[in-house]
Amino acid sequence: MTESNPSLMIYKDLQVRYSSTLKCPCSNTVIRYDMFMSLFPTLHQVCSSDFVHDDFLSVLNGMGSSDNMNDWTNRALSHFQLLMDLCRLANETIKDAVDRFIMRSIVISNVLNENDFNTQINVTLDQFYQSTIVHFRFAIDMQRLFVQIDQPYTGKSPTGIGNDVTDLIVNRNMAYSVNNQPSQVILFFQSIKRFFYILRAILYYTSE
């Protein structure tokens, strides 16, 4: 029995009646994902809030006072600038990853039943999600590392010139494996100069 160009309804009926013997060769064995799939990622709500807009940063920039180093508004601008940069980085990273993914193709020789198709697509999507997280996690950890070193020390105002603050994070060692290639990042924190707030750090990146 041969059915030429069956409709979806006819195919489903034949699938039920002849599930073990039905064969439906595909005329097009390579189909791009963007032909039948759309992805619309949603970022954290803070990334769509007023806190990461240029207008808000302009307001903070006008509020700062150089006379009082303990005033939070003197530090708020850099904090929210970092937040905006993180949101922008997340958005660009995810958008680029989605654009690359939907340009890929699924290769099939015979029509899959609905359950097998859904299973294959879900596995592919899960691999895509995990690989995107792995590639982005490195950037996130580096941002967190710099925030740990710089941001929390917001206590007393400077009392002198040339004195070192040495009671902060000493070092942080992070190891990663990307594509089975070991990589390591080591950041050695030395000191912050009072008054000038100079951060001296040595960043080493080695990839074997």
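Position 21 of the sequence shown, counted from 1, bears residue number 21 in full-length UniProt numbering, the numbering being contiguous throughout.
Yeah, the Cβ is synthetic: ideal placement off N, Cα and C, and Gly gets one too.
- A Cβ-Cβ separation of about 15 Å leaves Leu39 out of contact with Ala90 under the 8 Å criterion.
- Put simply, the segment 51-58 touches the segment 77-92. At least three CB pairs are less than 8 Å apart.
- By the 16-neighbour rule on beta-carbons within 10 angstroms, Phe36 is exposed.
- Of His135, Thr119, Asp141, Ile108, the smallest CA-CA separation from Cys24 is found for Ile108.
- Per DSSP, Ser105 is one residue of the beta strand (DSSP E) stretching across 105-107.
- Listed as beta-bridge partners of Val30 by DSSP are Val107.
- Residue pairing from DSSP leaves Pro41 without any beta-bridge partner.
- Just measuring C-alpha positions, the residue of Asp126, Ile94, Glu3, Arg88 sitting nearest Ser49 is Arg88.
- Comparing C-alpha distances from Met103 to each of Ala76, Asp116, Val30, Ala139 shows the shortest one belongs to Val30.
- The continuous alpha helix (DSSP H) containing Ser78 extends over residues 73-102.
- With fewer than 16 other Cβ atoms inside 10 Å of its own Cβ, Leu8 counts as exposed.
- The beta carbons of Tyr11 and Val111 sit closer together than 8 Å.
- CA-CA distance, Phe101 to Gly62, rounds to 43 Å.
- Judged by beta-carbon spacing, Ile106 lies beyond the 8 Å limit of Thr132, meaning their Cβ atoms are not closer than that value.
- The criterion of a C-beta distance shorter than 8 Å is satisfied by Pro41 and Val98.
- Between Tyr18 and the set Ile140, Ser27, Cys26, Met1, the nearest pair of CA atoms involves Met1.
- Leaving aside the five residues that flank Met142 on each side, none in its chain has a CB nearer than 6 Å to its CB.
- Less than 8 Å separates the beta-carbon of Asn113 from that of Gln15.
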